[in-house]
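K.L.:
Numbering (my numbering), first residue to last: 1 to 307.
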């Protein structure tokens with residue numbers, strides 16, 4: 001699940017999050033760990049321009065620091081960047097940070113990456129916004145090398161060129177899962193041919209089957225093999241009858257009713273779903289997470305990514 005507090009866009013943040021801090025993040029990460037969620041996810045923006053601040057807010061915790069903090073208060077749950085805008089940083093820097101995170105967490109990292117969408121961020125950091133797709137493509141290739149088993153990785157590309165530079169510690173995992181985010185044609189292609197998984201950005205249910213079919217076709221054409229995890233972001237959820245206005249898009253009802261609705265994702269070919277719960281305070285959210293883990297999760301098919 002995507003954790004609250006660490007990013008507070010007006011599109012999804014609840015009012016209570018504005019006054020929450022690291023102790024709340026830790027409490028909810030522990031709740032996710034205990035309830036059986038497969039991962040906790042955090043977002044990435046370096047800085048938000050003033051023109052976008054009313055909609056996006058300026059609250060965006062750094063993903064590496066946040067996931068490292070959460071690794072220290074959890075035991076099992078995996079740690080996902082959804083998504084790291086890796087084109088804003090040199091891949092050797094990114095590799096050093098995330099390899100260390102994977103090492104310290106005992107191999108719990110899932111590296112989710114995306115192209116980004118805020119022009120001013122790229123301009124401030126000296127990265128070509130209009131070529132961000134090509135930048136991400138090469139970053140993914142460079143990260144494959146830099147997060148691999150070799151102490152002295154090498155990559156020779158148009159934008160980045162390195163060899164004979166050692167980095168330790170190495171990741172605990174032999175292969176860090178790399179999931180590519182985005183729903184544009186370019187992002188879907190990138191996920192298919194370069195990634196270990198796909199993180200759509202809120203595609204409605206009726207769009208997913210065509211996207212997944214294209215993903216599979218592209219992988220077949222590219223001769224891509226190996227495990228691949230297809231994701232989806234569900235509608236907002238509330239287990240039970242809320243008794244307050246949770247919005248008409250929110251799925252509510254009994255555990256059985258919610259499970260029946262969510263099983264439709266597996267029928268489309270989705271391996272893991274990312275969920276978000278409506279809540280009025282941290283206690284209600286923790287209760288919702290516990291109820292989902294105990295009463296809804298067992299009724300869902302388990303896949304490579306679980307929930």
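Even glycine gets a Cβ: it sits at the ideal position worked out from N, Cα and C. For clarity, every value in this text was computed on a predicted model and none was experimentally measured.
Could you tell me the distance, in whole angstroms, from the CA atom of residue 270 to the CA atom of residue 184?
P.N.:
Computed Cα separation, rounded: 18 angstroms.
K.L.:
Report the CB separation of residue 87 from residue 127 in whole angstroms; it is logged as a contact under 8 angstroms.
P.N.:
Yes, residue 87 and residue 127 are in contact; Cβ-Cβ is about 6 angstroms, under 8 angstroms.
K.L.:
When the Cα of residue 108 is compared with those of 221, 37 and 228, which residue comes out closest?
P.N.:
Minimum Cα distance to residue 108 is reached at 37.
K.L.:
For the candidate residues 89, 172, 209 and 218, whose alpha-carbon lies nearest to that of residue 187?
P.N.:
Selected option, being the one with the closest Cα: 218.
K.L.:
When you compare only the Cα positions, how much space is there between residue 243 and residue 16?
P.N.:
Distance between the alpha carbons of residue 243 and residue 16: 18 angstroms.
K.L.:
Tell me whether residue 122 is buried or exposed, calling it buried when 16 or more other Cβ atoms sit within 10 Å of its Cβ.
P.N.:
Burial call: buried.
K.L.:
Counting C-beta neighbours from all protein chains within 10 Å, is the total for residue 130 16 or more, i.e. buried, or is it exposed?
P.N.:
It counts as exposed.
K.L.:
Would a C-beta distance cut-off of 8 angstroms place residue 30 and residue 93 closer than the cut-off?
P.N.:
In this structure, residue 93 does not lie closer than 8 angstroms to residue 30 by Cβ.
K.L.:
Confirm, please, whether the CB-CB distance from residue 178 to residue 140 is below 8 angstroms.
P.N.:
Yes. Within cutoff.
K.L.:
State the CB to CB distance for the pair residue 67 and residue 83, rounded to an integer number of angstroms; the pair is presumed to be in contact (CB under 8 angstroms).
P.N.:
Not really, about 13 angstroms apart at Cβ, beyond 8 angstroms.
K.L.:
Among 79, 55 and 58, which one has its Cα closest to the Cα of residue 65?
P.N.:
The residue with the shortest Cα to Cα distance from residue 65 is 79.
K.L.:
Evaluate contact between the segment 247-254 and the segment 203-222, counting only Cβ atoms and requiring at least three cross-stretch pairs below 8 angstroms.
P.N.:
Taking 8 angstroms as the limit for Cβ pairs, the verdict is that the segment 203-222 does not touch the segment 247-254.
K.L.:
Count the other CB atoms within 10 Å of the CB of residue 45; is the residue buried (16 or more) or exposed (fewer)?
P.N.:
It counts as buried.
K.L.:
Considering only residues of the same chain and omitting the five flanking positions on each side of residue 158, which have a CB-CB separation below 7 angstroms?
P.N.:
If we look at residue 158 and ignore the five residues flanking it on each side, its Cβ neighbours are 138.
K.L.:
Using 8 angstroms as the threshold, is the C-beta distance between residue 285 and residue 259 below it?
P.N.:
In this structure, residue 259 does not lie closer than 8 angstroms to residue 285 by Cβ.
K.L.:
Please return the same chain residues whose Cβ sits closer than 8 angstroms to the Cβ of residue 289, not counting the five positions on each side in sequence.
P.N.:
Closer than 8 angstroms at Cβ, skipping near neighbours: 1, 28, 31, 32, 35, 37 and 277.
K.L.:
Count the other C-beta atoms from every protein chain shown that fall within 10 angstroms of the C-beta of residue 14, then say buried if there are 16 or more, exposed otherwise.
P.N.:
The residue is buried, with at least 16 neighbouring Cβ atoms inside 10 Å.
K.L.:
So what does DSSP say about residue 34, is it helix, strand or coil?
P.N.:
Helix at residue 34.
K.L.:
Could you round the C-beta distance between residue 161 and residue 155 to whole angstroms and report it? I think they count as a contact, below 8 angstroms.
P.N.:
Right, the Cβ-Cβ distance comes to about 7 angstroms (below 8 angstroms), so this counts as a contact.
K.L.:
So residue 103 is in the beta strand (DSSP E); what residue range does that whole segment cover?
P.N.:
Residue 103 -> not in any beta strand (DSSP E); alpha helix (DSSP H) instead, spanning 91-105.
K.L.:
Identify which residue in 62, 230 and 89 has its Cα closest to the Cα of residue 266.
P.N.:
With distances taken between Cα atoms, residue 266 lies closest to 230.
K.L.:
Nearest by alpha-carbon distance to residue 23: which of 294, 282, 298 and 297 is it?
P.N.:
For residue 23, the nearest C-alpha among the options comes from 282.
K.L.:
Determine the direct distance from the alpha carbon of residue 275 to that of residue 204, and round the result to whole angstroms.
P.N.:
Roughly 14 angstroms between the two C-alpha positions.
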